[in-house]
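Read through the structure below, which is laid out as structure tokens, and then see the notes.
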Amino acid sequence: RFTTEVAGISELGLIGRGEDAEITTYLEKAMTSELQGNVIDLCPVGALTSKPYAFHARPWELIKTESIDVMDALGSAIRI
Numbered sequence: 001r002f003t004t005e006v007a008g009i010s011e012l013g014l015i016g017r018g019e020d021a022e023i024t025t026y027l028e029k030a031m032t033s034e035l036q037g038n039v040i041d042l043c044p045v046g047a048l049t050s051k052p053y054a055f056h057a058r059p060w061e062l063i064k065t066e067s068i069d070v071m072d073a074l075g076s077a078i079r080i
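Numbering (UniProt numbering), first residue to last: 1 to 80.
In structure tokens, the structure reads:
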């Protein structure tokens with residue numbers, strides 16, 4: 001839906017039906033849209049994954065930040 005409505009290019013579609021359905025590009029073409037990197041991040045069910053992060057954490061989940069626990073009366077140091 002993103003590639004069609006936002007990017008304005010229909011590059012992805014389904015092959016097969018039901019549980020055999022696969023998301024793929026049309027006619028074995030590669031995606032050429034400037035916005036193609038957003039498709040994986042916007043997939044609401046996680047059906048699309050990138051090879052480097054397949055079944056691992058997303059890039060924004062890998063960054064840890066030092067902080068202070070605001071719910072702790074001692075103000076303990078935590079890592080988010």
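Virtual Cβ for every residue (Gly too), placed ideally from N, Cα, C.
Counterpart residues of residue i in DSSP-defined beta bridges
i	result
G13	T24
A77	I68
Test item: CB-CB of residue i and residue j under 8 Å
i	j	result
V39	L48	yes
I78	I68	yes
Coil, strand or helix - residue i by DSSP
i	result
I63	coil
L42	helix
K51	helix
Residue i beta carbon near the ligand HEM (any heavy atom closer than 7 Å)
i	result
I80	Among the components modelled here there is no ligand, and therefore nothing to report on the ligand HEM.
6 Å Cβ shell around residue i - same chain, five flanking residues per side excluded
i	result
I15	E22, T24
V45	none
K64	R79
Contact set for residue i: own chain, Cβ-Cβ below 8 Å, skip 5 residues either direction
i	result
G13	I23, T24, T25, Y26
V70	none
D20	none
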